[in-house]
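Asks: For the sequence shown, the working numbering gives the first residue as 6, with consecutive numbering after it. Handing you this structure, nothing more for now.
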Amino acid sequence: LGKQPDGETPTTKTSSSKSHYTSTSKTTSTVNQENTSGRKLDGSTVKDKDLESPQDADTVPMHVVRSLDVTTMPRDPVAPGENGEGIIDDDIEKVEEAFKIASFNQHVSDQISIERSLPDVRAEGCNTSLVGDDLPSTSVVICFCEESWSTLLRTVHSVLNRSPPQLIKEIILVDDASSRDHLKKKLDDYMKRFPKVKIIHLPERAGLIRARLRGAALATGDVLTFLDSHVECGVGWLEPLLDRIRLNRRAVVCPSIDVIEMRTFRYSSSGHMTRGGFDWRMHFRWNTVPDYEVARRKTEKAPIRSPTMAGGLFSIHKMFFEELGQYDPGLEIWGGENLELSFKTWMCGGTLEILPCSRVGHIFRQSQPYRFPGGGLQTVQRNSLRVVQVWMDEIHRKAFYAVNPELKDMNISYGDVSARRQLRERLGCKSFQWYLDTVYKEMRVPDLTFQASGESFLYNWENHLRHEELCLVPYFPPPEEKRPAELHIDWCEGQDEKLIWKHTRKGQIIHVQTSLCLDVPRDKRRPILTDCTRKSRTQKWKFLKYFDK
Ligand code: LR7
Ligand code: MN
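Set out below in structure tokens:
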């Protein structure tokens with residue numbers, strides 16, 4: 006389930022932030038490129054006029070995001086981990102133990118100040134950008150299950166230390182029935198000193214989706230800001246998020262998610278060139294920002310329109326969240342909710358953006374410290390199915406099943422989705438195809454018609470042997486190695502003739518361009534390509550399933 010953003014060279018500028026705001030008078034140069042507010046909606050729970058934005062950028066006073074950051078001058082500048090630096094820990098036993106408990110190096114985390122300083126990795130020009138003087142307030146909702154003490158505290162302190170206090174209505178911690186001791190009375194006692202921090206302990210495991218809904222229900226701020234429980238907010242992280250929503254209450258905005266390396270806790274920038282997508286297995290993907298979006302944006306700091314969000318870190322106007330029907334409460338534990346919210350945001354009148362001026366680091370890990378009561382894979386597949394069934398058009402649903410053929414046989418029950426379909430109807434949302442054509446132009450709907458499927462490859466009517474975006478192609482080792490032709494996998498796109506295989510009635514699979522046959526001779530363990538005239542039994546193949554056109 007782990008996700009990693011495309012690696013990009015981190016930049017480490019030293020912050021020149023001061024711990025106060027500078028108010029400037031009205032000006033026309035703003036961080037915001039457009040104002041897309043004021044679209045009409047029918048039949049929703051929220052009144053149209055409520056979601057229309059009160060002013061445009063030019064009519065309100067603006068101030069510079071020279072944010073409050075009480076940690077740019079660390080109390081002890083040579084303390085471990087300051088300025089986002091990593092720590093190499095040689096105590097292998099302790100580190101292993103830490104990974105077992107936390108799925109990241111908790112041992113290193115415990116050595117780092119819960120108020121450590123971070124490098125300012127914002128895009129060029131962000132620290133002189135302007136935001137409105139009348140930003141909406143926000144409730145920060147952080148749900149957690151079995152989170153480590155130091156990472157949870159660092160999350161909360163980074164919010165308190167690097168957000169203008171008047172913008173934080175409250176911080177709502179939702180404990181999703183954790184069993185670890187420090188998350189009970191010890192946490193309640195610790196947080197008593199911060200009147201803005203509220204804690205709810207759920208008696209039963211709700212999963213992150215319903216836990217967030219519980220937190221959102223208590224929120225009194227204008228905007229909801231969701232965070233994972235192992236993040237560090239950077240200088241000036243909040244103002245750009247709230248400013249976008251001030252201009253357009255149907256804007257859903259994400260900070261740029263930087264990387265806190267799970268072994269060393271080194272903070273590094275993920276750059277300013279990635280956005281969210283997905284593949285047809287319904288897995289979230291980081292993509293490089295495509296040329297058409299680069300061209301539209303003009304500057305490095307401009308918001309990046311993103312087809313999807315990673316899910317954990319974003320701000321949304323409370324009314325827009327309600328209008329969109331919040332999250333599907335039928336989603337369990339983990340997964341799918343990020344795509345659900347992304348699809349409906351775009352399809353039902355909103356926009357989704359990543360802001361290079363707002364930075365929050367997240368600990369990316371490869372496993373989870375909590376259990377999946379219904380099984381990890383099953384839970385995620387079921388969640389994906391619900392989202393697919395509600396938000397995709399028929400043709401895309403087919404595409405989803407085509408790349409997940411095992412799902413057809415598994416007969417997973419995804420429950421009742423009729424209320425969610427009604428919601429889509431009632432909001433008058435656009436089609437999934439509109440969404441792909443408009444915001445995810447580079448996404449291709451795969452060829453849906455297969456003549457046969459095997460254990461790992463699908464044989465389509467274009468005569469490709471295909472596994473998602475990958476295709477089987479022959480590979481010829483250098484002649485001096487005197488080895489027969491082998492098989493390789495390569496991107497399907499742009500290969501043409503090389504991809505074509507003919508499956509004959511007699512069972513041979515012939516590579517048409519070279520007239521060689523797929524074979525696993527007795528003395529070989531891997532398939533190779535041999536002369537078809539051998540007509541040997543080891544050249545006979547059968548797919549698990551054959552389909553009619
Ligand atoms: O049952 C649970 N109850 C919880 O309260 C399971 C999890 N949680 C909490 C957990 O403690 C954490 O704070 O929910 C939060 C997210 O869980 P993680 O950190 O184990 O998940 P993740 O970071 O691997 O997952 C990403 O995808 C999820 C899909 O459901 C959520 O949307 C997460 O919020 C999301 N995280 C991010 O987007 C951060 C950036 C990572 C990326 C890409
Ligand atoms: Mn996380």
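Backbone N, C-alpha and C fix where the C-beta goes; we use that ideal spot for every residue, glycine too. Predicted, not measured: the structure shown is a model, and the values here were computed from it.
#1: Report the rounded CA-to-CA distance for residue 402 versus residue 393, giving the unit in angstroms.
#2: What does the Cβ neighbour count give for residue 415, buried or exposed, with the cut at 16 atoms within 10 Å?
#3: Specify the secondary structure class of residue 237 as computed by DSSP and reduced to three states.
#4: Rounded to a whole number of angstroms, what is the C-alpha to C-alpha distance between residue 390 and residue 178?
#5: Expressed to the nearest angstrom, what Euclidean distance is found between the alpha-carbon atoms of residue 531 and residue 519?
#6: The beta strand (DSSP E) that contains residue 269, what's its start and end?
#7: Taking its Cβ as the centre, do 16 or more other Cβ atoms sit within 10 Å of residue 461, making it buried, or is it exposed?
#8: Is it buried or exposed for residue 49, if we count other Cβ within 10 angstroms and need 16 for buried?
#9: Any heavy atom of the ligand LR7 inside 8 angstroms of the beta-carbon of residue 235?
#10: Between residue 287 and the ligand LR7, is there a pair consisting of the residue's CB and a ligand heavy atom that are separated by less than 8 angstroms?
#11: So, helix, strand or coil for residue 191, using DSSP?
#12: Taking contact to mean 3 or more Cβ pairs, one atom from each stretch, closer than 8 angstroms, check whether the region 165-176 and the region 269-286 are in contact.
#13: Exposed or buried, residue 300, counting other C-beta atoms within 10 Å across all chains shown (16 or more means buried)?
#14: Here's a check: name, in chain order, each residue in its chain whose Cβ is nearer than 8 angstroms to the Cβ of residue 208, leaving out the five neighbours to either side.
#15: When the Cα atoms are used, what is the spatial distance from residue 118 to residue 99?
#16: Over the uninterrupted beta strand (DSSP E) stretch that includes residue 464, give me the two end residues.
#17: Do residue 219 and the ligand LR7 come close, with the Cβ less than 8 angstroms from some heavy atom?
#18: So, with DSSP's three-state summary, where would you put residue 537?
#19: Which residues does DSSP pair with residue 230 in a beta bridge?
#20: Classify residue 67 as helix, strand or coil using the three-state DSSP reduction.
#21: Can you tell which of 244, 111 and 265 has the C-alpha that lies nearest to the C-alpha of residue 88?
#22: Within the same chain, show all residues whose beta-carbon is closer than 7 angstroms to that of residue 141, passing over the 5 residues directly before and after it, in chain order.
#23: Using three-state DSSP, classify residue 162 as helix, strand or coil.
#24: Using a Cβ-Cβ cut-off of 6 angstroms (strictly less than) and excluding sequence neighbours within five positions of residue 352, which residues of its own chain qualify?
#25: For residue 258, which beta-bridge partners are listed by DSSP?
#26: Taking the alpha-carbon of residue 542 as reference, which of 511, 219, 503 and 308 has the nearest alpha-carbon?
Replies: Quick look at the numbers:
#1: 6 angstroms
#2: exposed
#3: strand
#4: 29 angstroms
#5: 19 angstroms
#6: Per DSSP, residue 269 belongs to no beta strand (DSSP E) and is neither H nor E.
#7: exposed
#8: The predicted position of residue 49 is uncertain, since its pLDDT is 37 and thus under 50; no value can be drawn from it.
#9: yes
#10: no
#11: helix
#12: no
#13: exposed
#14: 182
#15: 19 angstroms
#16: 463-465
#17: no
#18: helix
#19: 145 and 320
#20: strand
#21: 265
#22: 227, 228, 247, 250 and 251
#23: helix
#24: 434, 435 and 440
#25: 320 and 358
#26: 511
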